[in-house]
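Chains as they are written, first to last, in the working numbering: chain A, 188 to 309; chain B, 139 to 740.
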């Protein structure tokens, strides 16, 4: 009869897979907690946002005076990569980028809401 | 003459897994939670996670997951509990095995050793072991060599060993035909079926004939055990040889954490412990263990009984067709002369086939016996190994063997499906469906193998988002699945078997395609000697898939690094983990193609 330890060795593949699954999930959870991407920022050196949105965030951050920068706002700015991004002056290009980004976001939100409504109707 | 396996003569088979009530209850508890979580996960997948922007991808995947879940439910049912058949002492007379207790004649047993082109000296070893079987009561034991190769040299070996030699002028029905020919020329109460390399232990008869005290037991299957499986080398030995002291040190550290890791052990994943000691053994409770040919014992009466009934039924069916044809031609009804003529013609055309002429004659015969509603024949999986045999030593032989298994099973499923036809009990239907479903699984396995590639190369996700919501639903199910089957198969390592099943997708798909097109699955004899040559051509789909997944991982990693908004880090992690699992599965098959035994290089 085989010992518990010997059987455990035979079962190690299950344990390795479980460990792998938990690790992968922990990574995702960590990424989500910092949505949309402090971890990505740390890992890859830039925000998970597309460049146009990041510039908009950086502009917004730059407009907030130092005395009004609460810890929460600082956290949001870090999450968006606004702290590290150069703050642009709001020229016509930046304004256009901001407008277009917001339009894309709005369209995406609409599509998502439509899909959810469809599922709900079924 | 020396054989490569002589060095393994001293090996002893493993003991059957011990029955543990605690283990069984734990497994059932975990399995129940696992199935509930699975249903919850699938509900979420269908209702809340579909990517409506890519339904062409999202739907096939969720469908594949659902079909795989059906397989999981069936497999859980198969493994639910172990109810070994009651052991009984070896019978002294044939009366002990039938309803007529007054018959005091000693038992007579025929050992059939079926051969075609195997080395005569290999068969000699099997003959000698068969002759050496012991029994506590008087017994008429006759060993027969069934030579479909019609070789004078084989006959000479049989004569030298003092056993009966049986041959025939043709090879109709291949192994099943060979067995039928032998049955016509012998009369033992019980038949032991052996392949050319099956070497029974002395205990085979004394431990198994007792089951036949139940007059309804038709056959007993004993586990097949390959005593020549390559045992490989430990990781410490392998890395030590490759990288000296640093390699040895590192490997020792790894083995200290994970236990002994053997490199090159059982490269073709032939170890049948999972199949016999877990899957087949747990079918005893549903009277659904099926015959696998070699190392099985059959009650002649049972095999002949169902064969005669099938013969009579086919004559009746065929004669009815012919009679109706004659009636139409001659314009007369109920003509006795026409009836007699039709029966005679039908009897000429039909053949009595105790073992169905089919590539999977063993499982087919089991189904025929189980479906007999009048006698309700029983089958037994005896848990102890009672013989030893040789395993495929190269990928070509392995492929031929597995293709036969897959093609034969699928052929039964599509053309004479016992699950939908009358005869079987519900538990038996579920058990047989489990077998067939596992072969159909090649279709959804292909989806599972391709799915991560689509994300890695194109950034198209099958779920609406790889967020913690996805993992909150998937993780509990996946974790409990691993834990449940770890406990459910405690004592047997199932990882290699699981990934080989995944990696066998080209072979199983080919078998499925052949059956769907109505092509007959051939009966090639599985070679007993190692085939020389390169077998990379047999694994090109696995190799291509592994390389594509690797390339996809690199590509997607680059896209995430470049902040391509189509990709997400969550998606990369999920698909990366999935893809690596697929690569590990493919790697086992690819390595098997290059494997060479130690004795070949010595």
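We put the beta carbon where it would ideally sit given N, CA and C, even for glycine.
Task: 8 Å Cβ cutoff, residue 442/B in contact with chain A - done: Taking the first residue of the second chain as 1, we reach residue 442/B at position 304. Not an interface residue.
Task: Proximal residues of chain A, C-beta to C-beta of residue 604/B below 7 Å - done: In the second chain, counting from the first residue as 1, residue 604/B sits at position 466. Within 7 Å Cβ-Cβ: 215.
TODO: Pick helix, strand or coil for residue 155/B, following the three-state DSSP scheme.
DONE: For this step, residue 155/B is matched to residue 17 along the second chain. Note: residue 155/B maps to coil in three-state DSSP.
TODO: Output yes or no for whether 8 Å exceeds the beta carbon distance between residue 275/B and residue 301/B.
DONE: The residue you call residue 275/B lines up with position 137 of the second chain. The residue you call residue 301/B lines up with position 163 of the second chain. Their beta carbons are not under 8 Å apart, which means residue 275/B does not touch residue 301/B by this criterion.
- [ ] Using a Cβ cut-off of 9 Å, pull out every chain A residue sitting near residue 631/B, in sequence order please.
- [x] Here residue 631/B refers to the residue found at position 493 of the second chain. Within chain A, the residues near residue 631/B are 196, 197, 198, 199, 200.
Open item on the list: Taking only three categories from DSSP, how would you classify residue 351/B?
Closed with: The count along the second chain starts at 1 and reaches residue 351/B at position 213. In this structure, residue 351/B counts as helix in the three-state DSSP scheme.
- [ ] Pick helix, strand or coil for residue 186/B, following the three-state DSSP scheme.
- [x] As a first step, residue 186/B is located in the second chain; it is residue number 48 there, counting from the start. If DSSP states are grouped into helix, strand and coil, residue 186/B belongs with the helices.
- [ ] Starting from residue 204/B, follow the alpha helix (DSSP H) in both directions and report where the run begins and ends.
- [x] By one-based count along the second chain, residue 204/B stands at place 66. The continuous alpha helix (DSSP H) containing residue 204/B extends over residues 193-217.
Task: Inter-stretch contact (C-beta, 8 Å, three-pair minimum) for the region 214-227 of chain B and the region 433-445 of chain B - done: Touching, no.
Open item on the list: Strictly under 8 Å for the Cβ-Cβ distance: is residue 597/B near chain A by that measure?
Closed with: On the second chain, residue 597/B is found 459 positions in, with the first residue counted as 1. Judged by the 8 Å Cβ criterion, residue 597/B is not in contact with chain A.
TODO: Would you verify that the beta carbon of residue 208/B is, or is not, closer than 8 Å to some beta carbon of chain A?
DONE: Here residue 208/B refers to the residue found at position 70 of the second chain. The beta carbon of residue 208/B does not come within 8 Å of any beta carbon belonging to chain A, so the residue lies off that interface.
TODO: Determine which residues of the region 246-275 of chain A have a Cβ less than 9 Å from any Cβ of chain B, and write them out in chain order.
DONE: Under the 9 Å Cβ criterion, the region 246-275 of chain A contributes no residue.
TODO: Compute the Euclidean distance between the alpha carbons of residue 447/B and residue 256/B, then round it to the nearest angstrom.
DONE: Here the question's residue 447/B lines up with position 309 in the second chain. Here the question's residue 256/B lines up with position 118 in the second chain. Rounded to whole angstroms, residue 447/B to residue 256/B spans 35 Å at the Cα level.
Open item on the list: My assumption, with CB atoms under 8 Å, is that residue 582/B sits in contact with residue 206/B. Please give the rounded CB distance.
Closed with: Numbered from its first residue, the second chain carries residue 582/B at position 444. Numbered from its first residue, the second chain carries residue 206/B at position 68. Correct: roughly 5 Å between the Cβ atoms.
Task: residue 283/B - DSSP class collapsed to helix/strand/coil - done: Within the second chain, residue 283/B is the residue found at index 145, counting from 1. Residue state, collapsed to three classes: strand.
Task: Beta-carbon proximity of residue 247/B to residue 328/B, cut-off 8 Å - done: Here residue 247/B refers to the residue found at position 109 of the second chain. Here residue 328/B refers to the residue found at position 190 of the second chain. The Cβ atoms of residue 247/B and residue 328/B sit closer than 8 Å to each other.
Task: residue 369/B to residue 606/B span [Cα, whole Å] - done: Taking the second chain and counting its residues from 1, the one referred to as residue 369/B is at position 231. Taking the second chain and counting its residues from 1, the one referred to as residue 606/B is at position 468. Cα to Cα, the separation comes out at about 43 Å.
- [ ] Check whether the Cβ atoms of residue 411/B and residue 336/B sit closer than 8 Å, and answer yes or no.
- [x] Along the second chain, one-based indexing puts residue 411/B at 273. Along the second chain, one-based indexing puts residue 336/B at 198. Not closer than 8 Å, so no.
TODO: Kindly provide the ranges of any beta strand (DSSP E) runs that are 3 or more residues long and lie completely inside the region 273-348 of chain B, ordered along the chain.
DONE: The region 273-348 of chain B contains these whole beta strand (DSSP E) runs: 277-285, 302-304, 328-333.
Task: Below-8 Å beta-carbon distance, residue 190/A vs any chain B residue - done: Against the first chain, residue 190/A aligns to sequence position 3. No, residue 190/A does not count as interfacial toward chain B.
Task: 8 Å Cβ cutoff, residue 211/A in contact with chain E - done: The structure shown has no chain E; the protein chains it does contain are A and B.
Open item on the list: What residue range does the beta strand (DSSP E) around residue 248/B cover?
Closed with: Position 110 of the second chain, counting from 1, holds the residue named residue 248/B. It spans 245-253 - the beta strand (DSSP E) in which residue 248/B sits, taken as one unbroken run.
- [ ] Quick one: give me the first and last residue of the beta strand (DSSP E) that residue 517/B is part of.
- [x] Counted from its first residue, the second chain places residue 517/B at position 379. 516-519 is the span of the beta strand (DSSP E), which, as asked, contains residue 517/B.
Open item on the list: DSSP three-state label for residue 400/B, please.
Closed with: Translated into positions along the second chain, residue 400/B becomes position 262. In the structure shown, the three-state DSSP call for residue 400/B is strand.
Task: Selection from 501/B, 574/B, 444/B that minimises the alpha carbon distance to residue 513/B - done: Here the question's residue 513/B lines up with position 375 in the second chain. Residue 513/B has its Cα closest to that of 444/B, out of 501/B, 574/B, 444/B.
Open item on the list: Whole angstroms are fine: how far does the CA of residue 585/B sit from the CA of residue 592/B?
Closed with: Numbered from 1 along the second chain, position 454 holds the residue referred to as residue 592/B. Numbered from 1 along the second chain, position 447 holds the residue referred to as residue 585/B. Take the alpha-carbon of residue 592/B and the one of residue 585/B: they are about 10 Å apart.
Open item on the list: Given this structure, state the Cα-to-Cα distance separating residue 269/A from residue 544/B, to the nearest angstrom.
Closed with: To locate residue 269/A, count along the first chain from 1; it is residue 82. To locate residue 544/B, count along the second chain from 1; it is residue 406. Distance from the CA atom of residue 269/A to the CA atom of residue 544/B, rounded to whole angstroms, is 59 Å.
Open item on the list: By the 7 Å beta-carbon criterion, what residues does the region 389-409 of chain B contribute toward chain A?
Closed with: Correct list: 396, 397, 398.
TODO: Could you check if residue 194/B is buried or exposed, using at least 16 other CB atoms within 10 Å of its CB as the buried criterion?
DONE: One-based indexing of the second chain puts residue 194/B at position 56. Per the 10 Å Cβ criterion, exposed.
- [ ] Ignore the nearest five residues each way along the sequence and tell me which others in residue 351/B's own chain have a CB closer than 7 Å to its CB.
- [x] The count along the second chain starts at 1 and reaches residue 351/B at position 213. Excluding sequence neighbours, residue 351/B sits near 226, 229, 234, 235.
Open item on the list: Among the candidates 346/B, 601/B, 294/B, 710/B, whose CA atom is the shortest distance from the CA of residue 214/A?
Closed with: Looking up residue 214/A in the first chain gives position 27. Here the closest residue by C-alpha is 710/B.
Open item on the list: For chain A, check one thing: does any of its Cβ atoms lie closer than 8 Å to the Cβ of residue 711/B?
Closed with: The sequence position of residue 711/B within the second chain is 573, counting from 1. Closer than 8 Å: yes.
- [ ] Return the residue from the list 373/B, 549/B, 730/B that minimises the CA-CA distance to residue 634/B.
- [x] As a working mapping, residue 634/B is identified with position 496 in the second chain. Minimum Cα distance to residue 634/B is reached at 730/B.
Open item on the list: Suppose contacts are defined by Cβ-Cβ distances below 8 Å. Is residue 292/B in contact with residue 340/B by that definition?
Closed with: Translated into the one-based positions of the second chain, residue 292/B becomes position 154. Translated into the one-based positions of the second chain, residue 340/B becomes position 202. In this structure, residue 340/B does not lie closer than 8 Å to residue 292/B by Cβ.
TODO: Please go through the same chain and pick out, in chain order, the residues whose beta-carbon is closer than 6 Å to the beta-carbon of residue 506/B, but skip the five residues on each side of it.
DONE: One-based indexing of the second chain puts residue 506/B at position 368. Around residue 506/B: 444.
- [ ] State the Cα-Cα distance for the pair residue 548/B and residue 245/B, rounded to the nearest angstrom.
- [x] For the purposes of this step, residue 548/B is identified with residue 410 of the second chain, where counting begins at 1. For the purposes of this step, residue 245/B is identified with residue 107 of the second chain, where counting begins at 1. Looking at the two C-alpha atoms, the distance is approximately 38 Å.
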